[in-house]
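Shown next, in structure tokens, is the structure this report addresses.
2 protein chains.
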Amino acid sequence: MKARDGRGGAVVLLSGGMDSATSLAVARRDEPGPLRTLTLSYGQRHVRELRAARALARHFSVSEALELMVPFAPLAPSAITGKGALPRDRSTRTMGRGIPSTYVPGRNTVFLALALSLAESRRSDAIYLGINAVDYSGYPDCRPEYLRAFQRLASLATARGVKEHWTPRLVAPLLRLSKEEIVRLGERLQVPWEKTWSCYAGEARPCGRCDACRLRALGFRKAGVADPLARTRS
Amino acid sequence: MKARDGRGGAVVLLSGGMDSATSLAVARRDEPGPLRTLTLSYGQRHVRELRAARALARHFSVSEALELMVPFAPLAPSAITGKGALPRDRSTRTMGRGIPSTYVPGRNTVFLALALSLAESRRSDAIYLGINAVDYSGYPDCRPEYLRAFQRLASLATARGVKEHWTPRLVAPLLRLSKEEIVRLGERLQVPWEKTWSCYAGEARPCGRCDACRLRALGFRKAGVADPLARTRS
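So, in structure tokens, the structure goes:
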């Protein structure tokens, strides 16, 4: 019924990176209802990601692909919105220490809140997000206990919750996967890696040196998969 | 110390209405550190509110008055962003029933998330919001249990939380006050009512018929206070 009446289904937070692309592929596999992607533009350096998100939404034939501009930069300076230097050439051991300069205060909370708004108004059942608490993260809003707290909040925040006891399912299919496992999962689900974009630097080609590039390379190498984007650099 | 080094203080969510103006006045009275207001423009009919917010921020000499455009309308249609008719001439008994068409799905969650981002990046200690669960409300995201859930989330969501065990204080000074009590409190704190704006309709003068106008009139009448904005209508 859910698939037929255009209701149900899921909202998928889609940045255009390899993680959110894989999360979208999992939603495509598991959700019978319509998929709606929400891509947030927030003054990040890598607008190239937005183009990737559009290509991925088309590839997975989503019912609605929304893009919203959320002006984060005046709220919360971060290396990802152009304040301060991007970290380069860091080892994964270094990355695993502390909270990186690419952390944007409150970002996932804002993104989840907007996804909740969309899920309530479109009557979606679930919200997918590609966050990951393993390999390297350091982001406080990628932890399982953070997700549980948002799940609790979401059950109280909406009119649908009051009227129908609706609680959206928060689904974070990559939460406990390593980058290597994410690549393997994406391979099985035929994620078009060439359409994704990970690099933080915002240049024409991936820089190969920022944390995102290095983690991506590590994941592909360990999984024994060739990254089509890396090939274009040589 | 907090007042002297420019840290501490509070972020105040300021819409420009009488409730958020009173909440700002309470913050001015109670917080020794700098106040920063955050006003969200989200395609509401009543852009007049934004002008009111600017005037109030000046009046209370805040250290920083931020305005952000958050495009809610494509996410979540609501009577308040121009979809569907505004309710008019409703009795407070009718208003007290159910969830009104001016409800914007997920709005307070998005607003609080943005305030959290600002509070973390500016090292504010508290977040003030003018929500109210008495007289009439019907909004799910104005309930005390909703606030508690956000407080829990906020304690897990930030880098400052991880590094310094920081939890912002969520302060909702009007949560359990009637409209009459809000007017009395605002009078004591010398809120400049003539600078506030409540009407949803977005015309040059308050319409006097929408829920916001009717509740405002009720509050002033019961408190025995003359509303300077109402005088301009006669």
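Residue numbers (our numbering), protein chains in the order written: chain A, 24 to 257; chain B, 24 to 257. Ideal Cβ placement from N, Cα and C applies to all residues, glycine included. In this text the structure is predicted, and so the values were computed from the model without any measurement.
TODO: Apply the 10 Å Cβ neighbour rule to Asp250 of chain A and answer buried if 16 or more other Cβ atoms are within range, or exposed otherwise.
DONE: buried
- [ ] Give the straight-line distance between the Cα atoms of Val133 of chain A and Ile150 of chain A, rounded to the nearest whole angstrom.
- [x] CA-CA distance, Val133 of chain A to Ile150 of chain A, rounds to 14 Å.
Task: Neighbouring residues, chain A, relative to Ala195 of chain B (Cβ below 9 Å) - done: Correct list: empty, because the minimum Cβ distance to chain A is about 15 Å.
Task: For Val206 of chain B and Gly242 of chain B, believed in contact at Cβ under 8 Å, the rounded distance - done: 5 Å
Open item on the list: Tell me the DSSP secondary structure of Leu61 of chain B in three-state form.
Closed with: strand
TODO: Measure the CB-CB distance between Leu91 of chain B and Leu135 of chain B and report whether it falls below 7 Å.
DONE: It is not a contact, given that the beta carbons lie outside the stated cut-off.
Task: DSSP state of Tyr169 of chain A mapped onto helix, strand, coil - done: helix
Task: Interface residues of chain B facing Met41 of chain A [CB-CB closer than 8 Å] - done: Result: empty, since nearest Cβ-Cβ is about 24 Å, beyond 8 Å.
Task: Within chain B, partners of Tyr126 of chain A - CB distance below 8 Å - done: Ala182
TODO: Please classify Arg239 of chain B: is it buried, with 16 or more other beta-carbons within 10 angstroms of its beta-carbon, or exposed?
DONE: buried
Task: chain A residues whose Cβ lies nearer than 8 Å to that of Pro97 of chain B - done: By Cβ distance, chain A contributes Leu89 and Leu91.
- [ ] Show which residues of chain B have a CB atom less than 7 Å away from the CB atom of Gly225 of chain A.
- [x] Going along chain B, no residue has its Cβ under 7 Å from Gly225 of chain A, so there is no contact; the nearest lies around 22 Å.
- [ ] Inspect the CB distances between the segment 219 to 234 of chain B and the segment 190 to 204 of chain A and report whether three or more fall short of 8 Å.
- [x] no
Task: Within-7 Å CB hit, Ser140 of chain A to chain B - done: yes
Open item on the list: Judging by CA-CA distance, which residue of B:Thr181, B:Arg111 and B:Arg77 is the nearest neighbour of Leu47 of chain B?
Closed with: Leu47 of chain B has its Cα closest to that of B:Arg77, out of B:Thr181, B:Arg111 and B:Arg77.
Task: Alpha-carbon spacing of His82 of chain B relative to Ser43 of chain B, whole angstroms - done: 14 Å
Open item on the list: Would you say Leu179 of chain B lies against chain A (beta-carbon separation less than 7 Å)?
Closed with: yes
TODO: Could you check what DSSP says for Ala149 of chain B in three-state terms: helix, strand or coil?
DONE: strand
Open item on the list: Contact criterion: CB-CB distance below 7 Å. Does Arg175 of chain B meet it with respect to chain A?
Closed with: Arg175 of chain B counts as touching chain A.
Task: Boundaries (first-last residue) of the alpha helix (DSSP H) holding Arg199 of chain B - done: Taken as a continuous stretch (DSSP letters only), Arg199 of chain B belongs to no alpha helix (DSSP H), as it is neither H nor E.
Open item on the list: Let me confirm a value: Ala227 of chain B is counted as buried when at least 16 other C-beta atoms fall within 10 Å, else exposed. Which label applies?
Closed with: exposed
Open item on the list: Alpha carbons only, please: which of B:Gly209, B:Ala172 and B:Arg192 is nearest the one belonging to Gly247 of chain B?
Closed with: B:Gly209
Task: Residue environment, Val70 of chain A, which counts as buried when at least 16 other CB atoms sit within 10 Å - done: Exposed, because fewer than 16 other Cβ atoms sit within 10 Å of the Cβ of Val70 of chain A.
Open item on the list: Can you find the residues in the same chain that come closer than 6 Å, C-beta to C-beta, to Ala177 of chain B, ignoring five residues on each side of it along the sequence?
Closed with: Within the same chain, Ala177 of chain B has close Cβ partners Leu139 and Pro191.
Open item on the list: With a threshold of 7 Å between beta carbons, is Glu168 of chain A in contact with chain B?
Closed with: At least one CB atom of chain B sits nearer than 7 Å to the CB of Glu168 of chain A.
Open item on the list: Counting only beta-carbon separations shorter than 7 Å, does Ser144 of chain A have a partner in chain B?
Closed with: yes
Open item on the list: Just to make sure I have the definition right: I need the residues of chain A whose C-beta is within less than 7 Å of the C-beta of Ala136 of chain B. Which are they?
Closed with: Per Cβ cutoff of 7 Å: Gly129, Thr132, Val133 and Ala136.
TODO: Would you tell me roughly how many angstroms separate the C-alpha atoms of Ser171 of chain B and Leu141 of chain A, rounded to the nearest one?
DONE: Before going further, note that residue 171 of chain B is Arg rather than Ser in the sequence given. Rounded to whole angstroms, Arg171 of chain B to Leu141 of chain A spans 23 Å at the Cα level.
- [ ] Pull up the CB-CB distance for Val157 of chain A and Ser201 of chain A, whole angstroms please, since I reckon it's below 8 Å.
- [x] 5 Å
- [ ] Whole angstroms is fine: what's the gap from Tyr65 of chain B's alpha carbon to Arg211 of chain B's?
- [x] 31 Å
Task: Other residues of its chain near Arg267 of chain B: CB distance less than 7 Å, five sequence neighbours each side excluded - done: Residue 267 of chain B is absent from the structure shown; chain B starts at 24 and stops at 257.
TODO: Pick out whichever of B:Arg166, B:Gly129 and B:Trp216 has its Cα sitting closest to the Cα of Ser144 of chain A.
DONE: B:Gly129
TODO: Have a look at A:Gly56, A:Asp112, A:Gly39 and A:Pro97 and flag the residue whose alpha-carbon is nearest the alpha-carbon of Pro89 of chain A.
DONE: What sits at residue 89 of chain A in the sequence shown is Leu, not Pro. Among A:Gly56, A:Asp112, A:Gly39 and A:Pro97, the Cα nearest to that of Leu89 of chain A is on A:Gly39.
Open item on the list: Applying the 10 Å Cβ sphere with the 16-neighbour rule, what's the burial state of Ser84 of chain B?
Closed with: The residue in question, Ser84 of chain B, is exposed, as its Cβ has fewer than 16 Cβ neighbours within 10 Å.
Task: Selection from B:Val49, B:Val34 and B:Arg74 that minimises the alpha carbon distance to Pro57 of chain B - done: B:Val34
Open item on the list: Distance cutoff 7 Å, beta carbons only. Does Val185 of chain B sit that close to anything in chain A?
Closed with: yes
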